[in-house]
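A.B. asks: This is the structure I have questions about; it appears just below.
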Amino acid sequence: MVADIELLQGKIIQDPDQRPKNTLQLVEELALEILTAEELAVAAREAV
Amino acid sequence: MNTPVETARQEPRRPLELLIVQMGSLSEVLRSLMALKAVKQLYPAIRVRMLVRSEGVDPVSRVEWMDEVLTLPQGLNRENALQSVASWLGTVVERKFDILANWTGNGPTSRMASIATSLIPAIVKLGDHFREDSSQGSFDAWSMYRHAWSQGGVEQDIHETDLVTTQLLTALQIHAGEPAQDAGNHQVTSRYFFKTVSLESPDNWTRRPKGLKWVAISASSAPTRMSEWMERVLRRNPDYGMVVVGPGDIRDLPDSPRVIRLDPSTGFDTTLSVFSQCAWLCAGADPLVDLASLVNLRVFYSTGPEVREFGLKWAETGPYGNGHVVLAASKEWDPDAAYAAWSYYQSEWFHKNSLTLQGHFDHLGCNRQLETVQIYKSRIRPSNEGGGVCYEQTAGAIREFEAWIYRVRGQMARAWFCGWLPELEQEAAKLTLSSALIKRIRSLRDSVQVISQIVGGASGTARELETLASRNRNGHLMTVEDREAIESCGKKLLEMEALIGRVTRVEPELECLLKWYRQRIHNLESQTLSGMAKETIQALDLMIEGMDLLNAWTTKTLELARPRAVDSSQAEGRGQGLTN
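See the structure below:
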């Protein structure tokens, strides 16, 4: 399990071709997207 | 002693690891499974994993050959979100994917899927990704095509399933070689697509009258007058029963032992089990249609007026496979027309085409309804015709020009991506020519010629730009004259794009070409001016290729419509034939 962004970045960067420079920004964006989707789903359930 | 290369060749190859990112709707997940089934048949050794949202887990985990289903981390809160996502990603990254294809469509989750695609490493990536400027881009031309046409409101004749299948198969052909010789000789769909799960059927379904054939009806996509259609089936087809599935209500549902309403919250496995006992699914746009396509259940698909009367957008996501029937209505869905169409095809085995569909409508006294509907039957084309699903119109209102341009657009895409086209002579021979069609094609030809000239000029300008830019490799220092010449080329290209835009406002059928060009320009990859100019040349060349094809089709069609001298002996022969 990797809970550290730097370690994660290291894991991703080990890959020869795909090396996103902005791993931290991407992880933040993904977390935000998942949170928003979850909140929307909860709101939709409550509306029903 | 073997060289390292020889040793490597002799070693068994490890299977390719494939990840499909599909965070779209349940329909999209099911269509992705259909595409993957074809891919798995051609490349049986490939290991397939899918990343889906929680709604997609049930169907994907039931697929026999699916190696793993991944889902996003759940139960996040503002405090732990970052750490949870990082931990989740850490485990995903360990799988070391060779190919990652993001098949998520243009819905609310496309951004999420693009970010995940950018984060998860793979040697080859297809589909959309997230760029450093926070916009979305596409890795490959098929994905750009999806954005420009399929999701850009352009009617084109390649089904979503075929689109992603071809995208992935092309990548596999390039990176993994040709498929095994004996691969792919099986049917694409089967009733046994999903692993069987033993479960208890709902009571009312277990107690159903025996000896009947069953039509499953999707409640959520049922037209307002569905109950009238059901009444007709009950009255005229005593050998049929109907089972209503899914959430939603059907107004005035007939009260009969031959009509069963399943609990609206019935799960995936039960629905699958009920489908296995049915002969038909009657539905509109609904994930049940995609499920039925996967398990080879025949679909009677209804679609109403879309953006335009008898629009053909439905064909991109319609039922997949052989023998499905589509009823496209220009106005309100009519139960008489729907009954006539369905009853003709449900008794096909009996009349064996000795009765025409028009004759059947006449017989039921509803031939006038044929003016307000179009009826299509689906077919999987043999591979020598390009493969994939197509819908052939069997009766109803004819829209010749729309059908013509729709076909030509499909051929453009095939020319761009598949490098294969059916013979124009053969294709043109299938056309039904009318004076209205000829008139419309003549007016289109004028616009095609104008755009061809503009694109030709733009291509010359882009080449000039490339020559100028490549003189200055470092991109920083250049003469004032060069800078002015570069600026002038850039302006000219923008003006030409605007000019094409003006022509397409007059002839909207050609807007597809501009959309395609803009999508290519949106996805320029190069960091240097000369590189970008090169990519612009490629985009313009593709446009020229499309315009050439359009020109060839207009010329051929107009040529067929030209009056020709008839051999006198043939004319006499024909005369005799008529009198006999």
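Sequences listed follow chains E and X, in order. Be aware that the first sequence starts at 44, since it is given in this note's numbering, and climbs by one per residue. Be aware that the second sequence starts at 21, since it is given in this note's numbering, and climbs by one per residue. We put the CB at the ideal spot given by N, CA and C, even for glycine. These numbers come from a predicted model, not from an experiment.
#1: Step through the CB atoms of chain X and report whether any lies within less than 8 Å of the CB of residue 70/E.
#2: Please name the residue in 54/X, 43/X, 161/X whose C-alpha comes closest to that of residue 543/X.
#3: Would DSSP call residue 206/X helix, strand or coil?
#4: Closer than 7 Å between beta carbons: that is the criterion. Which residues of the stretch 139-154 of chain X meet it against chain E?
#5: Please determine, among 433/X, 547/X, 515/X, the residue with the shortest C-alpha to C-alpha distance to residue 569/X.
#6: In chain X, which residues lie with their C-beta within 7 Å of the C-beta of residue 76/E?
#7: Buried or exposed: which applies to residue 539/X, given that a residue is buried once 16 or more other Cβ atoms fall within 10 Å of its Cβ?
#8: To which residues does DSSP link residue 234/X through a beta bridge?
#9: Kindly indicate if chain X contains any beta-carbon less than 8 Å away from that of residue 80/E.
#10: Taking the straight line between their C-alpha atoms, what separation do you get for residue 347/X and residue 328/X?
#11: For a cutoff of 8 Å on Cβ pairs, would you count residue 101/X as touching chain E?
#12: Any Cβ of chain E within less than 8 Å of the Cβ of residue 93/X?
#13: Is there a C-beta anywhere in chain E that falls below 8 Å from the one on residue 34/X?
#14: Taking the straight line between their C-alpha atoms, what separation do you get for residue 210/X and residue 185/X?
#15: Could you tell me which residues DSSP puts in a beta bridge with residue 323/X?
#16: So residue 537/X and residue 563/X are in contact, right, with Cβ under 8 Å, and what is the actual spacing, rounded?
#17: Mind pulling the beta strand (DSSP E) runs of 3 or more residues that sit fully within the stretch 371-428 of chain X?
#18: Does any C-beta atom of chain B lie closer than 8 Å to the C-beta of residue 96/X?
#19: Jot down the residue ranges of each uninterrupted beta strand (DSSP E) in the stretch 104-128 of chain X, minimum 3 residues, whole runs only, in chain order.
#20: Quick check on the DSSP output: the beta strand (DSSP E) that includes residue 172/X runs from which residue to which?
#21: Return the CA-CA distance between residue 481/X and residue 487/X, expressed in angstroms with no decimal places.
#22: Let's test the definition: count the other Cβ atoms within 10 Å of the Cβ of residue 497/X and tell me whether it reaches 16, buried, or not, exposed.
#23: Using the beta-carbon count (16 or more within 10 Å), is residue 138/X buried or exposed?
#24: Against chain E, with Cβ distances strictly below 8 Å, would residue 41/X count as a contact?
#25: Which parts of the stretch 448-481 of chain X are runs of the alpha helix (DSSP H), unbroken and 4 residues or longer, counting only runs that do not cross its ends?
#26: Straight-line CA distance for residue 548/X to residue 398/X?
#27: Can you grab the Cα-Cα spacing for the pair residue 438/X / residue 75/X, in whole Å?
#28: Suppose contacts are defined by Cβ-Cβ distances below 8 Å. Is residue 411/X in contact with residue 338/X by that definition?
C.D. replies: Taking the definition as stated:
#1: The residue you call residue 70/E lines up with position 27 of the first sequence. Cβ-Cβ to chain X under 8 Å: yes for residue 70/E.
#2: To locate residue 543/X, count along the second sequence from 1; it is residue 523. Looking at the Cα atoms, 161/X is the closest of the given residues.
#3: On the second sequence, residue 206/X is found 186 positions in, with the first residue counted as 1. The predicted position of residue 206/X is uncertain, since its pLDDT is 48 and thus under 50; a value taken from the coordinates is nonetheless stated next. Correct three-state label for residue 206/X: coil.
#4: 139, 141, 142, 143, 145, 150, 152
#5: On the second sequence, residue 569/X is found 549 positions in, with the first residue counted as 1. Of the listed residues, the one whose Cα sits closest to residue 569/X is 433/X.
#6: Along the first sequence, read from residue 1 onward, the residue named residue 76/E stands at position 33. Those are 131, 132, 135, listed as they occur along chain X.
#7: For the purposes of this step, residue 539/X is identified with residue 519 of the second sequence, where counting begins at 1. With 16 or more Cβ atoms within 10 Å of its Cβ, residue 539/X is classed as buried.
#8: Start at 1 with the first residue of the second sequence, and residue 234/X comes out as number 214. DSSP output for residue 234/X lists 261/X as bridge partner(s).
#9: Here residue 80/E is taken as the residue at index 37 of the first sequence, counted from 1. Cβ-Cβ to chain X under 8 Å: yes for residue 80/E.
#10: Against the second sequence, residue 347/X aligns to sequence position 327. Against the second sequence, residue 328/X aligns to sequence position 308. Residue 347/X and residue 328/X: Cα-Cα distance of roughly 16 Å.
#11: For the purposes of this step, residue 101/X is taken as the residue at position 81 of the second sequence. So yes, residue 101/X belongs to the interface.
#12: Reading the second sequence from its first residue, position 73 is the one you call residue 93/X. Yes, its Cβ sits closer than 8 Å to a Cβ of chain E.
#13: In the second sequence, residue 34/X corresponds to position 14, counting from 1. No, residue 34/X does not count as interfacial toward chain E.
#14: Position 190 of the second sequence holds residue 210/X. Position 165 of the second sequence holds residue 185/X. Only weak support is given to the placement of residue 210/X: the predicted model assigns it a pLDDT of 49, under 50, and the value that follows is read from those uncertain coordinates. Approximately 18 Å, taken between the alpha carbons.
#15: On the second sequence, position 303 is the one that residue 323/X refers to. Paired residue(s): 348/X.
#16: The sequence position of residue 537/X within the second sequence is 517, counting from 1. The sequence position of residue 563/X within the second sequence is 543, counting from 1. Rounded, the Cβ-Cβ distance is 6 Å, consistent with contact.
#17: 393-400, 409-416
#18: Chain labels in this structure do not include chain B; the protein chains are E and X.
#19: 117-122
#20: As a working note, residue 172/X is residue 152 in the second sequence. Here residue 172/X belongs to no beta strand (DSSP E), and DSSP marks it neither H nor E.
#21: Position 461 of the second sequence, counting from 1, holds the residue named residue 481/X. Position 467 of the second sequence, counting from 1, holds the residue named residue 487/X. Those two C-alpha atoms are separated by around 10 Å.
#22: Numbered from its first residue, the second sequence carries residue 497/X at position 477. Looking at its Cβ environment, which holds fewer than 16 other Cβ atoms inside 10 Å, residue 497/X is exposed.
#23: Numbered from its first residue, the second sequence carries residue 138/X at position 118. Answer is buried; the Cβ neighbour count reaches 16.
#24: Indexing the second sequence from 1 puts residue 41/X at position 21. It does not: the Cβ of residue 41/X has no partner Cβ on chain E nearer than 8 Å.
#25: none
#26: Against the second sequence, residue 548/X aligns to sequence position 528. Against the second sequence, residue 398/X aligns to sequence position 378. Those two C-alpha atoms are separated by around 47 Å.
#27: Looking up residue 438/X in the second sequence gives position 418. Looking up residue 75/X in the second sequence gives position 55. So the alpha carbons of these two residues sit roughly 34 Å apart.
#28: Numbered from 1 along the second sequence, position 391 holds the residue referred to as residue 411/X. Numbered from 1 along the second sequence, position 318 holds the residue referred to as residue 338/X. Yes; because the gap between Cβ atoms is below 8 Å, this pair is in contact.
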